[in-house]
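S.K.:
Numbering (our numbering), first residue to last: 2 to 55.
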């Protein structure tokens with residue numbers, strides 16, 4: 002698990018490039034981090050627009 006300063010640095014970098022971009026494809030590598038059915042999660046996220054990371 003990353004330390005908080007590292008996580009904040011990553012979030013800043015992602016916020017510089019992601020807002021307004023659309024999720025085209027979802028690939029769940031570890032299904033233990035998704036609550037509920039993985040395929041339902043992928044359908045719900047695909048096509049959504051990033052607003053920000055935080």
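The beta-carbon is built from N, C-alpha and C at its ideal position, and this holds for glycine as well.
Going by DSSP in three states, residue 9 sits in which element: helix, strand or coil?
M.R.: Here residue 9 corresponds to residue number 8 of the chain shown, with the count starting at 1. Helix, per DSSP.
S.K.: Quick one: Cα of residue 48 to Cα of residue 21, how far?
M.R.: Locating residue 48 in the chain shown gives position 47, where the first residue counts as 1. Locating residue 21 in the chain shown gives position 20, where the first residue counts as 1. Each residue's Cα considered, the two are about 12 Å apart.
S.K.: Are the beta-carbon atoms belonging to residue 29 and residue 35 less than 8 Å from one another?
M.R.: By one-based count along the chain shown, residue 29 stands at place 28. By one-based count along the chain shown, residue 35 stands at place 34. Yes, Cβ-Cβ distance for residue 29 and residue 35 is below 8 Å.
S.K.: From residue 25 to residue 41, what distance separates their C-alpha atoms?
M.R.: Numbered from 1 along the chain shown, position 24 holds the residue referred to as residue 25. Numbered from 1 along the chain shown, position 40 holds the residue referred to as residue 41. So the alpha carbons of these two residues sit roughly 15 Å apart.
S.K.: Assuming residue 46 contacts residue 19 under a Cβ cut-off of 8 Å, what Cβ separation, rounded to an integer in Å, is found between them?
M.R.: Residue 46 sits at position 45 when you count from the first residue of the chain shown. Residue 19 sits at position 18 when you count from the first residue of the chain shown. Going by Cβ atoms, the distance from residue 46 to residue 19 rounds to 13 Å, so no, they are not a contact pair.
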